[in-house]
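Shown next, in C-alpha cells, is the structure this report addresses.
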Amino acid sequence: MGKLRAAITGINAWVPEYRLTNEELSQMVDTTDEWIMQRVGIKERRILKGADMGSSELGANAVKGLLEKTGTSPDEIDLLICATVTPDMAFPATANIISDKAGIKNAFSFDINAACSGFIFALQTAAVYVESGRYKKVILVGADKMSSITDYTDRTTCTLFGDASGAVLLEPTTGENGIIDHILRTDGSGKNYLHMKAGGSMRPASHETVDAREHFVYQEGQTVFKFAVSKMADVAVEIMEKNGLTSDDIAWLVPHQANLRIIDATGRRMGLTPAKIMINIEKYGNTTAATIPLCIWEYEKKLKKGDNIILAAFGGGFTWGSLYLKWAYDPR
Ligand code: UT7
1 MGKLRAAITG INAWVPEYRL TNEELSQMVD TTDEWIMQRV GIKERRILKG ADMGSSELGA
61 NAVKGLLEKT GTSPDEIDLL ICATVTPDMA FPATANIISD KAGIKNAFSF DINAACSGFI
121 FALQTAAVYV ESGRYKKVIL VGADKMSSIT DYTDRTTCTL FGDASGAVLL EPTTGENGII
181 DHILRTDGSG KNYLHMKAGG SMRPASHETV DAREHFVYQE GQTVFKFAVS KMADVAVEIM
241 EKNGLTSDDI AWLVPHQANL RIIDATGRRM GLTPAKIMIN IEKYGNTTAA TIPLCIWEYE
301 KKLKKGDNII LAAFGGGFTW GSLYLKWAYD PR
C-alpha cells in the first residue's frame, strides 16, 4: 500500500451578517476610505454582534455547515482542532465548545494558537494525525472574533480586522493528491511587535490594565510589515524550490489576508500572475486563523482535482509558514 496522505475532502466557511464599512470607521476614528484602500486594501469587515457570542459561535456555524455539505455524521469525527487567538475563554479550549455545539461526541479536541499562521500550523498538525492511519475524519476550523480584541479608538489597528471562521474535513488517501509538504517557522522575539499586553498569566486583568487599554491588539505596523513581506515570500519560494515547482506549475497561491501589498509582494516573488492569487481581503479584512479557509471556500468552484496550491502566512509570534497541497476533488 502506498503512503497515506491527508486530503481536504470538504470546505465551508461562515461570516456574521454585520458589515463594518470604511465609512462607518471614518466616523469612529480619524481615517478615510482612501487611506485604508491604498495602504491595506480593505473595504469592509464582518462583525459578530450579540451578547455571549465568541469564536465558538463562528466556528460551530462553519463546522455544522461542513458536516451537512459533506454528508458526514458528527459521530464519525475522530478529532477536531481549532486554530484561534480569540478563544471563548482562557480555558476550556474553544475546540471543545465547538465540538459540543456541533454534536461531535466521539472525538477529542484541542486549540492551536499560532495567530495568523494558525490555519497552516493546524492543517499540518491535523495532516499528521490522518497520515498515521489511526484518524479517519479530522476537522480543522480556523475561527477568530478579532472584534473582541480590537481597539476601536486606535486607527492604526481598528481598520484591519474582522470576524470569520472556515473549516475543512481531512481524510486519508493513498492517491497522488492531498497535503504534500510544509515549512513552518517561529521566532518568539517577534512578540515585542505584535501582542496583547494583558489578560494572560504574566499580566492578569486588573483595573489598571483595563484603564490602559491593554486587552487589545498591540502592533508596530511597519516592523511587522517588513518581516511579513520578506518571511512570507521566503517560505513560499522555498517550498516551490524544494518541490521542483515553477510558477507555471502552480494553480493557486492562497495567502493570509493581512495587507494587499504583502500579498502582491509574495505573488511577485513567486512569479505568479495576479489571476492565480486568491484574494478577498477587500470584503472581510484580516480574520486571522480564518483568512485561508475563507478564501479557499470562496474559490472552491474554480478548483480542479490535482491543482497545485501553495498556502502562505505570516503572523503574531512571530509565526510563518507555507504548505503545498494538491487539491483532491473537482467542483461538485
Ligand atoms: O496579520 C498579522 C500580521 N500583521 C500584518 O501583516 C500587518 C503588517 N503591517 C501593515 O500591514 C501596515 O504596517 C499597516 C497597514 C498596519 C500600516 O500601514 P503603513 O503603510 O505601515 O503605515 P504607517 O504605520 O507607516 O503609518 C503611516 C501614516 C502615519 O502617519 P504619519 O506619522 O506619517 O503622520 C500613521 O499615523 O499613516 C497614519 N495612519 C493612518 N492614517 C489614516 C495609520 N493608520 C491610519 C489610518 N488612517 N487608519
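In the numbering used here, the protein residues as written are 1 to 332.
Positions of the beta carbon are idealized from the N, C-alpha and C atoms, including for glycine.
#1: Going by the beta-carbon positions, is the gap between I98 and G59 smaller than 7 Å?
#2: Hey, A167 and A95: beta-carbon distance below 7 Å or not?
#3: Going by CA-CA distance only, name the one from L160, D33, R134, K136 that's closest to M146.
#4: I believe L194 touches V224 by the beta-carbon criterion, under 8 Å. Please report the beta-carbon distance rounded to the nearest angstrom.
#5: Do L303 and I179 come within 7 Å of each other at the CB atom, strictly closer than that value?
#6: Mark F91 as exposed unless 16 or more other C-beta atoms lie within 10 angstroms of its C-beta, in which case mark it buried.
#7: Would DSSP call Y299 helix, strand or coil?
#8: Quickly, what does DSSP pair D163 with across the bridge? List them, please.
#9: When burial is assigned at 16 or more other CB atoms within 10 Å of the CB, is F121 buried or exposed?
#10: Are the segment 70 to 82 and the segment 99 to 110 touching by the rule of at least three beta carbon pairs closer than 8 Å?
#11: Could you check what DSSP says for V63 in three-state terms: helix, strand or coil?
#12: Please give the ranges of any alpha helix (DSSP H) in the segment 222 to 297, keeping only runs that are unbroken, at least 4 residues long and fully inside the region.
#13: What number of angstroms, rounded off, separates the C-alpha of Q219 from the C-alpha of K226?
#14: Beta strand (DSSP E) containing V217: first to last residue?
#15: With DSSP as the reference, label T153 as helix, strand or coil.
#16: What does DSSP give as the partner residue(s) for P172 in the beta ladder?
#17: Just the C-alpha distance for G267 and V237, rounded to the nearest angstrom, thanks.
#18: Please determine, among A275, A198, F314, T156, the residue with the shortest C-alpha to C-alpha distance to S230.
#19: K326 by DSSP, collapsed to three states: which one?
#20: Using the beta-carbon count (16 or more within 10 Å), is S56 buried or exposed?
#21: Whole angstroms is fine: what's the gap from D264's alpha carbon to D33's?
#22: Is G221 close to the ligand UT7? I mean its beta-carbon at under 6 Å from any heavy atom of the ligand.
#23: Determine which residues share a DSSP beta bridge with A312 and list them.
#24: Rounded to whole angstroms, what's the CA-CA distance from S109 to A93? Just pull it up for me.
#25: What is the rounded straight-line gap between the Cα of T186 and the Cα of A228?
#26: Please state whether the Cβ-Cβ distance between V235 and W320 is less than 7 Å.
#27: So is the beta-carbon of T159 under 6 Å away from any non-hydrogen atom of the ligand UT7?
#28: Could you give the distance in angstroms between the alpha-carbon of L260 and the alpha-carbon of G285?
#29: Distance check for D211 and S117, CA to CA, integer angstroms please.
#30: To the nearest angstrom, how far is it from the Cα of G271 to the Cα of I310?
The short version:
#1: For I98 and G59, yes; Cβs fall inside 7 Å.
#2: For the 7 Å CB-CB criterion, A167 and A95 do not form a contact.
#3: When only C-alpha atoms are compared, the closest one is L160.
#4: Rounded to the nearest angstrom, the Cβ distance from L194 to V224 is 5 Å, consistent with a contact under 8 Å.
#5: I179 places its beta carbon 7 Å or farther from that of L303.
#6: Here F91 is exposed. Its C-beta has fewer than 16 other C-beta atoms within 10 Å.
#7: Note: Y299 maps to helix in three-state DSSP.
#8: BP columns for D163 point to K145.
#9: Around the beta carbon of F121, 16 or more other beta carbons sit within 10 angstroms, so the residue counts as buried.
#10: Contact check between the segment 70 to 82 and the segment 99 to 110: three or more CB pairs, one atom from each, fall below 8 Å, which counts as touching.
#11: Of the three classes helix, strand and coil, the one that applies to V63 here is helix, per DSSP.
#12: Correct list: 260 to 270, 281 to 284.
#13: Q219 and K226: Cα-Cα distance of roughly 13 Å.
#14: Where V217 is concerned, the enclosing beta strand (DSSP E) stretches over 217 to 219.
#15: DSSP places T153 in coil when its eight states are reduced to three.
#16: As DSSP reads the structure, P172 sits in a beta bridge with A6.
#17: Rounded to whole angstroms, G267 to V237 spans 10 Å at the Cα level.
#18: That would be F314, whose Cα lies nearest to the Cα of S230.
#19: Secondary structure at K326: strand, using DSSP grouped into helix, strand and coil.
#20: Buried: at least 16 other Cβ atoms inside 10 Å.
#21: When rounded, the distance between both Cα atoms is 20 Å.
#22: Yes, the ligand UT7 has a heavy atom inside 6 Å of this Cβ.
#23: Answer by DSSP bridge pairing, in chain order: P255, S322.
#24: Distance between the alpha carbons of S109 and A93: 8 Å.
#25: C-alpha separation (whole angstroms): 12 Å.
#26: It is a contact, given that the beta carbons lie within the stated cut-off.
#27: At a cut-off of 6 Å, the beta-carbon of T159 counts as near the ligand UT7: some heavy atom of the ligand is closer than that.
#28: L260 and G285 have their C-alpha atoms spaced approximately 10 Å apart.
#29: Their Cα atoms are separated by approximately 30 Å.
#30: Between G271 and I310, the C-alpha separation is close to 13 Å.
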